[in-house]
Structure formats: C-alpha cells, structure tokens
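**Student:** Mind having a look at this structure? Questions to follow.
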Amino acid sequence: MDLKALAKLVSSKVERSADLDALLSQYGVTLSFREKVKLIELLPDDISVVYDAVTDRFIVYKNLARSAHTV
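Mapped onto the working numbering, the consecutive letters of the sequence shown carry residue numbers -5 to 65.
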C-alpha cells in the first residue's frame, strides 16, 4: 500500500475533523495500528492527529488557521 498517496487522500478529504478509520473505510482501506502511525507521520503540517485511547481511534483535525496561510 502506498502510504504517501493515502496521506494525500486523507489530507484532502478532512474538512475539520474525522475519524481516521471511518475515513479510510469509505475507500475500502483498513490499516494496522503500526501502518496508521506511519501514515500519520506522512501527513502535512496543517493536519493534527489525536489518539483516543478510550475508544481506540485516531481523530484527524485540519488546522484551519495554518491551511489558510498555505498557498
């Protein structure tokens, strides 16, 4: 699986926030925990990710202030 291409897809599809698994499942993609961590490392700086240990999921946030300054 091309994680770089997947990182571009995730960053383009997140409007404000999204559950990473839900976003990936829309495209028929399932990743292991380790693969998700590698994917997160490839995301651009205007994307933040929080791991919710209680629900065992990654929440992806687009930093709107940062992305507004990006051309």
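Just so it is clear, CB atoms sit at the ideal spot from N, CA and C, and this is done for glycine as well.
(1) Buried or exposed: Phe27, going by 16 or more other Cβ atoms within 10 Å of its Cβ?
(2) Assign Val44 to buried or exposed, taking buried as 16 or more other Cβ atoms, counted over all protein chains shown, within 10 Å of its Cβ.
(3) Alpha carbons only, please: which of Leu37, Glu29 and Val4 is nearest the one belonging to Leu17?
(4) Ignore the nearest five residues each way along the sequence and tell me which others in Ile34's own chain have a CB closer than 6 Å to its CB.
(5) Is the CB-CB distance between Asp(-4) and Ile53 below 8 Å?
**Tutor:** In brief:
(1) exposed
(2) exposed
(3) Val4
(4) Val43
(5) no
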